[in-house]
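To keep things clear, I will list the structure first and then write my remarks on it.
Numbering (the working numbering), first residue to last: 81 to 378.
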């Protein structure tokens, strides 16, 4: 396919409203809509009115489609990301803790510096370089105290893992050689190591979406987390939508939270969020008709 230069030019906020009206979008309060377009870009909002289009190539809206409906989806997505990021913090902290504890117990506190523990030496060297950058950049009091007192190149893993980005930690785990130590970490979270590695990668992916305020609610992921064949505790049946939609990702979060904090309230808060936005199409998120009957969602 031959590429062409991008042809569109910037248009004013008022012209944006005129264009949307021409395409069939209904406005109940143009003053408010203009204010929103000043503060939330047309391009960002376009991902939320896309489901309202009847003729997507020509950008023509379904009859009766409103700007308010698109903004409602935007608000739901924002609330969903806030809900998720709070729970991901708990999962990340638990993964850091178990990784440092189990590997330091089975090997030693500096296991992450030993290339013989890892599959790919070049990847390990790159990861270690990233960890060093994060260590040198950190201004945490416990890190500056360590640097001022000790001659070691790194602190032991129970300190280092606290300042290592979760993305780096995910790659570090994935690069570990197969064996008892790697399985022990995954087993704590009720998963085989291959599935756990794919879930860690997915959590990093979701975290980045939430941190950068990107659209999540009806996204199809570019990565594919694995479905556990024999999970240690109740999980969902493989959805017809597969493992690349939000339903599977949220179910992953619930599964891990059930282990980390069995008294969590994520399910109740998610249900409350859906109740606050009854017009949201959960099918677009990959939810099956009977999702509420799944044990982990009760």
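Ideal Cβ placement from N, Cα and C applies to all residues, glycine included.
From a predicted model like this one, the values you see are computed outputs, not experimental measurements.
Terminal residues of the beta strand (DSSP E) in which residue i lies
i: residue 135; result: 133-135
Any non-hydrogen atom of the ligand NAP within 7 Å of residue i CB
i: residue 174; result: Ligands displayed in this structure: none; no statement on the ligand NAP is therefore possible.
C-alpha gap between residue i and residue j, whole angstroms
i: residue 350; j: residue 176; result: 26 Å
i: residue 111; j: residue 322; result: 42 Å
i: residue 212; j: residue 228; result: 16 Å
i: residue 158; j: residue 131; result: 17 Å
i: residue 334; j: residue 370; result: 17 Å
i: residue 340; j: residue 167; result: 11 Å
i: residue 114; j: residue 346; result: 35 Å
i: residue 87; j: residue 138; result: 16 Å
i: residue 93; j: residue 362; result: 31 Å
i: residue 268; j: residue 196; result: 24 Å
i: residue 214; j: residue 224; result: 12 Å
i: residue 181; j: residue 171; result: 15 Å
i: residue 293; j: residue 162; result: 9 Å
i: residue 220; j: residue 259; result: 33 Å
i: residue 248; j: residue 278; result: 14 Å
i: residue 364; j: residue 91; result: 31 Å
i: residue 355; j: residue 276; result: 32 Å
i: residue 190; j: residue 240; result: 9 Å
Counterpart residues of residue i in DSSP-defined beta bridges
i: residue 186; result: Answer by DSSP bridge pairing: none, since residue 186 is not bridged.
i: residue 106; result: 146
i: residue 140; result: 135
i: residue 198; result: 256
Bounding residues of the alpha helix (DSSP H) (the contiguous stretch that carries residue i)
i: residue 201; result: 201-217
i: residue 241; result: 237-243
i: residue 288; result: 273-291
i: residue 397; result: Given that the chain is displayed from residue 81 to residue 378, the structure contains no residue 397 and the question cannot be resolved.
i: residue 357; result: Here residue 357 belongs to no alpha helix (DSSP H), and DSSP marks it neither H nor E.
i: residue 322; result: Run containing residue 322: none; DSSP gives neither H nor E here.
i: residue 126; result: 122-129
Any chain D beta carbon closer than 8 Å to residue i
i: residue 332; result: In the displayed structure, chain D is absent; only one protein chain is listed.
Beta-carbon spacing of residue i, residue j below 8 Å
i: residue 183; j: residue 237; result: yes
i: residue 271; j: residue 199; result: no
i: residue 336; j: residue 286; result: no
i: residue 152; j: residue 302; result: no
i: residue 107; j: residue 147; result: yes
i: residue 209; j: residue 243; result: no
i: residue 125; j: residue 149; result: no
i: residue 353; j: residue 160; result: yes
i: residue 235; j: residue 226; result: yes
i: residue 265; j: residue 179; result: yes
i: residue 299; j: residue 326; result: yes
Residues near residue i by beta carbon distance below 8 Å, same chain, minus five either side
i: residue 96; result: 117, 122
i: residue 89; result: none
Same chain only: Cβ atoms within 7 Å of residue i, ignoring 5 sequence neighbours per side
i: residue 316; result: 331, 374, 376
i: residue 304; result: 323, 324
i: residue 368; result: 319, 320
i: residue 204; result: 195, 198, 255
Own chain partners of residue i with C-beta closer than 6 Å, once the 5 adjacent residues on each side are dropped
i: residue 412; result: Any question about residue 412 goes unanswered here, given that the chain covers just 81 to 378.
i: residue 313; result: 270
i: residue 289; result: 296
i: residue 134; result: 140, 142
i: residue 156; result: 357, 360
i: residue 129; result: 150
i: residue 102; result: none
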